[in-house]
Structure formats: C-alpha cells, structure tokens
Amino acid sequence: MSDLEAIDAYLNGLLPPPDRAAFEARLKVDPALAEELAFYLQAKQVAREAALAER
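As numbered in the numbering used here, residues 148 to 202 make up the sequence shown, in order.
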C-alpha cells in the first residue's frame, strides 16, 4: 500500500486497528509522512470550500 493509499484508508476509517496503530506510530517518527498527511488534509479542505462556494 502506498503512503497515499494508507493516508486515504486512515482518514476514512478503513485501516484495521493494528494497521491504524502502526500508521499513527509511523506518523510520529516520519516527518515526510506527517507532511503528506497535512497536505492531503489541506487539499481536501480547499476542495470542500470550493464546492461550497459554487453553490
């Protein structure tokens, strides 16, 4: 599973508890993964705001 797939599964609650715990542990020690997660969250927020602005 790629980092992006793991992030998506994590945010959508699709990771089994052991995988979720491993992902969260990795977030604490892998700044690149934490940065990718932050970017993903920011992109989702921008997309959400753009969709609301179009209404």
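Backbone N, C-alpha and C fix where the C-beta goes; we use that ideal spot for every residue, glycine too.
- Counting along the chain, residue 162 sits inside no alpha helix (DSSP H), nor does DSSP assign it H or E at all.
- In this structure, residue 180 sits away from residue 188, with a CB-CB distance that is not shorter than 8 Å.
- At a Cβ-Cβ threshold of 8 Å, residue 183 and residue 150 count as neighbours.
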